[in-house]
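Accompanying notes for the structure given below.
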Amino acid sequence: MKFTATSILAALLAATAVMAAPTSSIEKRNDDGSVHIASKDDMAIQKHYLELSYSAYCSSVIPGGDLKSCPYCDAFDDIKLIKTFKTKNYDTNAMVVRDDKRKEVVAVFRGTDSITGWIADFTVLPVSYPPVKGAYVHKGNFSDFYTLLKASIIEMCFITTGFYATYMDVADEITSVVLDQAKKYPDYNIAVTGHSLGGATSMLGAMDLYQRGVPAHKLKLYTQGGPRVGNKAFADYVLSTKIPVTRLINKMDLVPHVPHRFAGFKHPGEEYWIKSNGTTRVCANGLETRKCSDSVELFALSFYDHNK
């Protein structure tokens, strides 16, 4: 995807500046604590993983192999690029890096060059999803709502076959490298991150690492502008692993709202929503609610805030 990172990074900086004001002048925390304003430290973490995800779009990084060459990599002095991946079947682009300052191994998944392409090609008929007993992935045509709704009603666990196929194209290779690094550096944690389509594949990657034996307390997932990956049953499964999941959404970005929730899809995890007024609202870990970006009506969403 061709995009400019400046606007989202500027929004992160603006949100950080606004945090200096009293909370009462921005947005009050709900009585149950489920909604609050992100702290300066929280936003610094979000910015770090966002820049890592953006670096994956640089051709000099993937497949070039030069992490220091991209414009977002000024703060990567302590990060070593271990290996890059670029597959033929689904053009899955990813890399594994090691951050010796933060003591973590990071799997980074790149988004697609054509957002409209993968939105148009969603396929949703459920087929078996091997990693989870009784789970299903989608295969078929988006217009076949009967099968889709039937699957939703009986709470099958399903995801889009496009996301699953894109991840599986690189799964064995990238997990092998991540696990090898984890073995060599046993005191390091593992993070998985990705923007756009990379947000979807990174979620599947985090689940795969968990299924391959990485304990939840050693894993964390950060996505930016990622689409919904699966239905409520899948989202419940993600939450049941106890892996920390954080989703960053920029303003009126359309992509995190597809596939639509009327088709049974749900986001899991904690949401950081950068609002148009410069604040960043955080909705607590769990299934997505209408308290964050899902409060925006579909007609008000656009690709502009995804690409900028």
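With our numbering applied, the sequence shown corresponds to residues 2 to 309, in that order. Using N, Cα and C, we set each Cβ at its ideal position, and we do this for glycine too. Quick caveat, the model's predicted, so the values are computed rather than measured.
| Asked | Found |
| --- | --- |
| Unbroken stretches of the beta strand (DSSP E), 3 residues or longer, contained in the region 231-308 | 246-251, 271-275 and 281-284 |
| Cβ neighbour criterion (16 or more within 10 Å) applied to residue 272 | buried |
| Where residue 195 falls: helix, strand or coil (DSSP) | strand |
| Residue 168 beta carbon less than 8 Å from that of residue 104 | no |
| Residues near residue 277 in its chain [Cβ-Cβ closer than 6 Å; skip 5 each side] | 252 |
| Extent of the continuous alpha helix (DSSP H) to which residue 176 belongs | 172-185 |
| C-alpha distance - residue 266 paired with residue 230, whole-angstrom precision | 7 Å |
| For residue 235 and residue 38, the rounded distance between their alpha carbons | 28 Å |
| Same chain, Cβ closer than 8 Å to residue 284, neighbours up to 5 away in sequence not counted | 35, 36, 271, 272, 274, 290, 292 and 293 |
| Beta carbon proximity, residue 173 to chain B, threshold 8 Å | Annotation note: the requested chain B is absent from the structure, which comprises a single protein chain. |
| First and last residue of the uninterrupted beta strand (DSSP E) at residue 55 | Where residue 55 is concerned, there is no enclosing beta strand (DSSP E), although the alpha helix (DSSP H) it sits in stretches over 41-56. |
| Buried/exposed call for residue 269, threshold 16 Cβ in 10 Å | buried |
| Simplified DSSP assignment, three categories, for residue 93 | coil |
| Counted within 10 angstroms of its Cβ, other Cβ atoms place residue 298 as buried (16 or more) or exposed | exposed |
| Close Cβ partners of residue 179 (< 7 Å) along its chain, the five nearest in sequence each way excluded | 97, 106, 108, 191 and 210 |
| Simplified DSSP assignment, three categories, for residue 108 | strand |
| Backbone CA spacing between residue 127 and residue 300 [nearest angstrom] | Its pLDDT being 49, under 50, residue 127 is placed unreliably by the model, and nothing is read from it. |
| Where residue 303 falls, given that 16 or more other Cβ within 10 Å makes a residue buried | exposed |
| Per-residue DSSP class, three states only, for residue 221 | strand |
| Helix, strand or coil at residue 69 [DSSP, three-state] | helix |
| Spatial distance of residue 296 from residue 220 (CA atoms) | 29 Å |
| Which residues DSSP lists as bridging residue 85, in chain order | 96 |
| Beta carbon of residue 53 nearer than 8 Å to that of residue 194 | yes |
| Rounded C-alpha distance that separates residue 55 from residue 263 | 31 Å |
| Rounded Cβ spacing between residue 47 and residue 222 (contact assumed at less than 8 Å) | Not really, about 13 Å apart at Cβ, beyond 8 Å. |
| Beta-carbon proximity list for residue 305, same chain, < 8 Å, skipping 5 on both sides | 253 |
| Per-residue burial, residue 258 [other beta carbons within 10 Å of its own, 16 or more giving buried] | buried |
| Rounded separation between residue 58 and residue 113 - CA only | 9 Å |
| For residue 36, the first and last residue of its enclosing beta strand (DSSP E) | 36-38 |
| Whole-angstrom distance between residue 49 and residue 307, CA atom to CA atom | 18 Å |
| Rounded straight-line distance, which links the Cα of residue 44 to that of residue 202 | 23 Å |
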